[in-house]
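Engineer:
Numbering (our numbering), first residue to last: 3 to 84.
1) Which class does residue 45 belong to by DSSP, given the choice of helix, strand or coil?
2) With a 10 Å radius around its C-beta and 16 neighbouring C-beta atoms as the bar for buried, classify residue 14 as buried or exposed.
3) Taking C-beta to C-beta, are residue 12 and residue 54 nearer than 8 Å?
4) If you count every other CB in all the chains shown that lies within 10 Å of the CB of residue 78, and 16 or more means buried, which is it?
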């Protein structure tokens, strides 16, 4: 088993969450204060999926499927009220 194959926990401590993001604890704390990363859950754990979604949002990655381009036929049908 490779090191990359180790399963990550869904809920992480602040130290684990900072390491997961590749930043120091103070930087992670600033990200949370600024709202870049959601606050901890009531049990003082961070949800890995919520962190992923926040980082995706910061990176401009959308969770919605890409919009398909209109084909020439679809355009013709739309323009000709068909």
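All C-beta atoms, glycine included, are put in the ideal place defined by N, C-alpha and C.
Please read these numbers as outputs of a predicted model, since none were measured by experiment.
Structural biologist: Here's the rundown:
1) To locate residue 45, count along the chain shown from 1; it is residue 43. Residue 45 falls in the coil class under three-state DSSP.
2) Residue 14 sits at position 12 when you count from the first residue of the chain shown. Buried, by the Cβ-count rule.
3) Within the chain shown, numbered from 1, the residue matching residue 12 stands at position 10. Within the chain shown, numbered from 1, the residue matching residue 54 stands at position 52. No; because the gap between Cβ atoms is not below 8 Å, this pair is not in contact.
4) As a working mapping, residue 78 is identified with position 76 in the chain shown. Exposed is the call here.
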